[in-house]
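J.:
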Amino acid sequence: MKGIVFTEFLEMVEETFGLEVVDQIIEEANLESEGIYTSVGTYEFSEMLTLISNLSDKVKISINDLLYEFGKFLFNSLGQAHPEVIKSYTDPINMIQSIEDHIHVHVKKLYPDAELPTFNVLEKTDTSIITIYESSRGLYALAHGLMEQAFRHFGKDVSITYTLLQEDGTKVKFEAKQNV
Amino acid sequence: MSNNEIDILKRSIERQKKARKQAERILEEKSKDLYDLTLQLRETNERLENLLSEKTSELEGVFINIIDPYIVMDPGGKVIKMNQAAISLLGYNFKDEDFNLKSIIHPDYLEQSKKSFEQLYEVGTIKNFKTKIIANDKSEILVQLNASVIYDKHKKAIAAQGILRDITREEEVKQLLAVQKRQLDIIVENSPLGIVLTDKGEIIKSNQAFQNYLGYSKSEIEGMIVKEISSPEDIDESLRLMEKMEEGDIDKFTLIKRYTKKDGSQFLARTSVSAVRDSIGIMEYQVAIVEDITKEREAADLLKESESRLSSLISNLHLGVLLEDKKQNIVLSNQMFCKLFSIGKSPDELLGKHVSSVSDLVDSWIVDLPSFKKLTQTLLKEKKTVLGKIIELHGGQIIEIDYIPIYSNGLYTGHLWIFNDVTVRNNYRRNLEIQKEKYSSIIANMNLGLIEVNNDDIILLANQSFCQMSGYSEAELLGEKGADILSVKNKELLLSKSKERLKHHSDSYEVQVKNKDGEWRYWLISGAPRYDETGKVVGTIGIHLDVTEQKQLELQKEQLLNQLESSNVALKEYAHIVSHDLKSPLRSLNALLTWMKEDYGDVLDDAGIQNLNLMEDKLEAMDNLINGILQYSSIQDDVSKNTSVDVNEVVKEIEEIIYIPPHVKINIVNTLPTIIADKTKIHQLLQNILTNAVAHIECEEGLVEIGSRDSGDCWTFRIKDNGTGIPPEYHEKIFDIFQTIGNKEGSTGIGLSIVKKIIEIYNGEICLDSAKGKGTEFYFTLAKNK
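Top to bottom, those sequences are chains A and B.
According to the working numbering, the first sequence holds residues 6 to 185 in order.
According to the working numbering, the second sequence holds residues -10 to 775 in order.
Take a look at the structure:
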């Protein structure tokens, strides 16, 4: 997993719960990386799972809720890091539609070894989009948060519902409807 | 700042330092990689440059010949190269005039295009960029552009090359598709049929109808496995078909299966599954259309049941039925039709055949074939309902034919023939007429007067005899009120009888009626209520017999009987008086004779004594005679004295009373019956016969036999002796009073007349079989029910 996810995650924890909690969840986990992450590096996915479950235990918030919140945080961070990407879109639906064909192409340019989820668009109108998220990581809640924030970023109010097509969350159908 | 906080910060800084070092290391590695790569690239570049200069001239021709429109433009957008396809698409030629790609972009797309161009030079490529341009002929063309930047040796962008694709049509099609998809969505969502999209057995999308069928909400049902909502018994078949579809053997299948609802109940549905395949035939999704056929199935079952009821009704109908369609093919016939015309085939075999296959057979039965042919031709031509046409068959049957054309929505679709065998009905009607005639002639000719009146006593009918009896003609009687025209002596009786009639009572009674001549006549009337077909009393039928003559005879007879009775009584009294008065001088004579024998026995000679003895005998006979007369006259029919009498007992008693000479024996042949009678009379009857029998036996061994047998209504008795016998000339006389044969002592000539009188009381008869010297056999009968 890319280092930027770890650094941004710890950034969110620090902003939200304070440095002490960051320190605790790292110290309590027996991590190979010892909690030392740089955005340009690549680390084990299991470390992210350990960190987030430690945080969940600590702050008594479900993992999925944490992931959802992290998704929203991550969108903003990524947006700050790569503003040109977001600027090339005028509305969130087009942006989500272009994840596969545009955004992920750019990601692969910078990080050829990145393991990315797929977003297959099933249906799209001017105000709604149905897409199927597929990833062995099963981080659909993170994807949910990212999408939610994408709409907010463009100043759109949205209702996103999702259906688990696989119980482990490795295949999920998202339906996003813009509220007019 | 607490120690703890310092520790945390220390650790954090430590991590940051290490992270920085890690990042620096990674970057150093990357720098080295890049340096190596640059060296490699430089070498490759030099090789390529040589190669390029070789290939450029070749490529130039190739680019020009690319089928898709191809352009090369400088960073400002000015077109510096384009192929023939691009020229014909845009209508501009860079050779003829300078033109800038940016200048022909449609104003609506300007801003977006500007960004895309920036992106192109920034990233180096642009893919599937859509924009609208205005061609030289002012037509608007929607194009898709795939472009890449051309760099010079110094990595400076000098131009961009791109392939344009006219997607105007494609986009129109896309929009059309989107519209159609929206329409389809509306149809799917509002379809009364359940529609569901599945992927490998998992429900991805479903419409409202399907959710309603199963009772799950949209969010509940999506993600469910089809197996979960299928009835277990149908799963194997579904899987088998699904496998075939997966293998590409079939593209769709339909099956009828049961679904389990959320509430656990089931419903039967026709399910049509179609495969949605990608361009190379791999199945991506399955679309299933689900139709609840529970009600349909129930209705079909009901229909089937009613059809079978109807067809069994028709096949067992007592009417011959033949239904033809408009081409005169047989649609339906029944057993009775085949039987009537001896078709020799079952109704099922006739099905679908043209009517000509049976018409010859039918025709062969018709007596008047020409008329029948004419009739059927007219019927088929006019196509109007005709009922009750009568035809006669060679077998003697009378058939009533109905022709009924059948119209559906005003269109003639065929016709129905109905054949009704009315032979029996016709014969019945004829018989009824014959019967009516018969009775009418009986009524007209009978000797009894018949009259029919309604409830108001108005005469509706009177026959010949009644007219004769009453003296009025039929014309005088009809329409008149019975009581007005015929005066009756006892009107109250008549009125009460009329009331009885209304209570459905019928009886007979006698009235006195004055006829037209003013004569009073006795009529015996039998009256009975007359009913209409609903069983209501509408009047009276009276049968009259003039009994005036009989009545007069009866009155005479009654008078005679009264006279007879009083003279009988007088006679009886007379007999008593006479016998009593006669007996008293007899007793005096007897006393005088006894005294004379006692006082003068010594002085009288033998002859004198003998004469006295003779006188004594005559006196005794005289006494017996008088007793006999008394008995005879006192025998009377008196039922009240009847009891159960054992005749065997009676015979025994008689044997003890009467004198039986020693050489005579009385023998009872069979056990005699016990009869209902006056015991005294039976005793007297048998005693009189037996006394006679035993007294007249002269042979050495006398035998009297008594026997009896059951003769149905009566008992027959037989008393046989072997005595002197009775000559045939006396056989009648002996039963008359005072008749004896010879001068046997003690014979009064009354005994057998008493016997006859008793037998007559019991409705019996007596006769005898005898000849002189051959013994006598008496037969007599006694009725059982007296």
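Where is the CB? At the ideal position from N, CA and C, for every residue including glycine.
For Met458 (chain B), collect the residues of the same chain with a Cβ closer than 8 Å to its Cβ; drop the 5 residues on either side in sequence, then sort them by chain order.
T.: On the second sequence, position 469 is the one that residue 458 (chain B) refers to. So the qualifying residues of the chain are Gly438, Asn504, Arg510, Trp512, His533, Asp535.
J.: Determine which residues of the region 39 to 70 of chain A have a Cβ less than 9 Å from any Cβ of chain B, and write them out in chain order.
T.: Glu39, Gly40, Ile41, Tyr42, Thr43, Ser44, Val45, Gly46
J.: Excluding the 5 residues preceding and the 5 following Val527 (chain B) in the sequence, name in chain order all residues of the same chain whose CB lies nearer than 8 Å to its CB.
T.: Sequence index remark: in the second sequence, residue 527 (chain B) carries index 538 (1-based). Taken in chain order, the residues that qualify are Asn443, Asn444, Arg519, Tyr520, Asp521.
J.: According to DSSP, simplified to helix, strand and coil, what is Cys327 (chain B)?
T.: As a first step, residue 327 (chain B) is located in the second sequence; it is residue number 338 there, counting from the start. DSSP places Cys327 (chain B) in helix when its eight states are reduced to three.
J.: Shorter than 7 Å from the beta carbon of Leu24 (chain A) to some beta carbon of chain B?
T.: The residue you call residue 24 (chain A) lines up with position 19 of the first sequence. Yes - at least one Cβ of chain B is within 7 Å of the one on Leu24 (chain A).
J.: Going by the beta-carbon positions, is the gap between Gly714 (chain B) and Lys763 (chain B) smaller than 7 Å?
T.: Here residue 714 (chain B) corresponds to residue number 725 of the second sequence, with the count starting at 1. Here residue 763 (chain B) corresponds to residue number 774 of the second sequence, with the count starting at 1. Yes.
J.: Measure the beta-carbon distance from Ile137 (chain A) to Leu127 (chain A) and round it to whole angstroms, keeping in mind my assumption that it falls under 8 Å.
T.: Translated into positions along the first sequence, residue 137 (chain A) becomes position 132. Translated into positions along the first sequence, residue 127 (chain A) becomes position 122. About 6 Å separates the beta carbons of Ile137 (chain A) and Leu127 (chain A), which is inside the 8 Å limit, making them a contact pair.
J.: Check each residue of the region 177 to 196 of chain B: if its Cβ is closer than 9 Å to any Cβ of chain E, include it; give the result in chain order.
T.: Here the protein chains are A and B, and chain E is not one of them.
J.: Determine the closest residue to Lys370 (chain B) out of B:Tyr392, B:Asp349, B:Ile380, with distance taken between C-alpha atoms.
T.: In the second sequence, counting from the first residue as 1, residue 370 (chain B) sits at position 381. When only C-alpha atoms are compared, the closest one is B:Tyr392.
J.: In whole angstroms, what is the alpha-carbon distance linking Gly151 (chain B) and Glu107 (chain B)?
T.: The count along the second sequence starts at 1 and reaches residue 151 (chain B) at position 162. The count along the second sequence starts at 1 and reaches residue 107 (chain B) at position 118. Taking the straight line from one Cα to the other gives about 15 Å.
J.: Buried or exposed: where does Gln673 (chain B) fall if 16 or more other Cβ atoms within 10 Å of its Cβ makes it buried?
T.: As a working mapping, residue 673 (chain B) is identified with position 684 in the second sequence. Counting Cβ neighbours within 10 Å, Gln673 (chain B) comes out buried, since at least 16 surround it.
J.: Can you tell me whether Lys373 (chain B) is buried or exposed? The criterion is at least 16 other CB atoms within 10 Å of its CB, across all chains shown.
T.: Counting from one through the second sequence, the residue named residue 373 (chain B) turns up at place 384. Per the 10 Å Cβ criterion, exposed.
J.: Below 8 Å between beta carbons is the criterion; list the residues of the region 166 to 184 of chain A that meet it against any residue of chain B, in chain order.
T.: Hits within the stretch, in order: Thr166, Thr168, Leu169, Leu170, Lys178.
J.: Could one say the Cβ of Asp28 (chain A) lies closer than 7 Å to chain B's Cβ atoms, at least one of them?
T.: As a working note, residue 28 (chain A) is residue 23 in the first sequence. So yes, Asp28 (chain A) belongs to the interface.
J.: Is there a C-beta anywhere in chain A that falls below 7 Å from the one on Lys7 (chain B)?
T.: Along the second sequence, one-based indexing puts residue 7 (chain B) at 18. At a cut-off of 7 Å between beta-carbon atoms, Lys7 (chain B) makes contact with chain A.
J.: Going along the chain, which residues of the region 138 to 172 of chain B sit with their C-beta nearer than 9 Å to a C-beta in chain A?
T.: Those residues of the region 138 to 172 of chain B that come within reach of chain A (Cβ to Cβ, closer than 9 Å) are Ala167, Lys170, Arg171.
J.: Is it buried or exposed, Trp584 (chain B), if we count other Cβ atoms within 10 angstroms and call 16 or more buried?
T.: Here residue 584 (chain B) refers to the residue found at position 595 when the second sequence is read from its first residue. Trp584 (chain B) is exposed by the Cβ-count criterion.
J.: Does the Cβ-Cβ distance between Asn125 (chain B) and Gly80 (chain B) come in under 7 Å?
T.: Stepping through the second sequence from its first residue, residue 125 (chain B) is reached at position 136. Stepping through the second sequence from its first residue, residue 80 (chain B) is reached at position 91. Cβ atoms of Asn125 (chain B) and Gly80 (chain B): closer than 7 Å.
J.: I need the DSSP call for Lys746 (chain B), collapsed to helix, strand or coil.
T.: The count along the second sequence starts at 1 and reaches residue 746 (chain B) at position 757. Note: Lys746 (chain B) maps to helix in three-state DSSP.
J.: Can you have a look at Val10 (chain A) and say buried or exposed, based on whether 16 or more other CB atoms are within 10 angstroms of its CB?
T.: Taking the first sequence and counting its residues from 1, one reaches residue 10 (chain A) at position 5. By the neighbour-count rule (16 or more Cβ atoms within 10 Å), Val10 (chain A) is buried.
J.: With distances taken between CB atoms, is the gap from Gln324 (chain B) to Ser300 (chain B) smaller than 7 Å?
T.: Your numbering for residue 324 (chain B) matches position 335 in the second sequence. Your numbering for residue 300 (chain B) matches position 311 in the second sequence. Taking the C-beta atoms as reference points, Ser300 (chain B) is found no nearer than 7 Å to Gln324 (chain B).
J.: Helix, strand or coil for Glu508 (chain B), going by three-state DSSP, please let me know.
T.: Here the question's residue 508 (chain B) lines up with position 519 in the second sequence. Glu508 (chain B) carries a coil assignment under DSSP once its states are collapsed to helix, strand and coil.
J.: For a contact defined as C-beta to C-beta under 8 Å, what are the partners of Ser93 (chain A) on chain B?
T.: Mapped onto the first sequence, residue 93 (chain A) falls at position 88. Per Cβ cutoff of 8 Å: Lys104, Gln108.
J.: Name, please, each residue of chain A whose Cβ falls closer than 7 Å to the Cβ of Gly212 (chain B).
T.: On the second sequence, residue 212 (chain B) is found 223 positions in, with the first residue counted as 1. Chain A residues near Gly212 (chain B): Thr168, Leu169, Leu170.
J.: Going by other Cβ atoms of all chains shown within 10 Å of its Cβ, with 16 needed for buried, is Val658 (chain B) buried or exposed?
T.: Within the second sequence, the letter at position 669 stands for residue 658 (chain B). Exposed.
J.: Helix, strand or coil for Met611 (chain B), going by three-state DSSP, please let me know.
T.: Here residue 611 (chain B) corresponds to residue number 622 of the second sequence, with the count starting at 1. If DSSP states are grouped into helix, strand and coil, Met611 (chain B) belongs with the helices.
J.: For the region 206 to 236 of chain B, list every residue whose C-beta sits within 8 Å of some C-beta in chain A, in sequence order.
T.: Ser208, Glu211, Gly212
J.: Does Gln11 (chain B) come within less than 7 Å of chain A when only Cβ atoms are used?
T.: Within the second sequence, residue 11 (chain B) is the residue found at index 22, counting from 1. So yes, Gln11 (chain B) belongs to the interface.
J.: Comparing C-alpha positions only, which one of B:Ile755, B:Phe769, B:Ile530 sits nearest to Ser515 (chain B)?
T.: In the second sequence, counting from the first residue as 1, residue 515 (chain B) sits at position 526. For Ser515 (chain B), the closest alpha carbon among the candidates B:Ile755, B:Phe769, B:Ile530 is that of B:Ile530.
J.: Helix, strand or coil for Leu593 (chain B)? Go by DSSP, reduced to three states.
T.: Counted from its first residue, the second sequence places residue 593 (chain B) at position 604. Three-state result, Leu593 (chain B): coil.
J.: Starting from Tyr59 (chain B) and walking both ways along the beta strand (DSSP E), at which residues does that stretch end?
T.: Numbered from 1 along the second sequence, position 70 holds the residue referred to as residue 59 (chain B). Unbroken beta strand (DSSP E) run through Tyr59 (chain B): 59 to 62.
J.: Let me know the secondary structure DSSP gives Gln171 (chain A) once reduced to three states.
T.: Residue 171 (chain A) sits at position 166 when you count from the first residue of the first sequence. It is coil, neither helix nor strand.
J.: Can you give me the Cβ contacts of Glu160 (chain B) inside the same chain, cut-off strictly under 6 Å, excluding the 5 residues immediately before and after it?
T.: Position 171 of the second sequence, counted from the start, is the residue given in the question as residue 160 (chain B). Closer than 6 Å at Cβ, skipping near neighbours: Leu131.
J.: I'd like to confirm the pairing. Which residues does DSSP put opposite Ile514 (chain B) in its beta bridges?
T.: Counted from its first residue, the second sequence places residue 514 (chain B) at position 525. According to DSSP, Ile514 (chain B) bridges with B:Tyr498, B:His533.
J.: Using 8 Å as the cut-off, can you tell me whether the region -5 to 4 of chain B makes contact with the region 26 to 35 of chain A, which would need three or more C-beta pairs spanning the two stretches below that distance?
T.: yes
J.: Find the nearest neighbour of Leu475 (chain B) within the set B:Val347, B:Ser556, B:Gly460, judged by alpha-carbon distance.
T.: As a working mapping, residue 475 (chain B) is identified with position 486 in the second sequence. Here the closest residue by C-alpha is B:Gly460.
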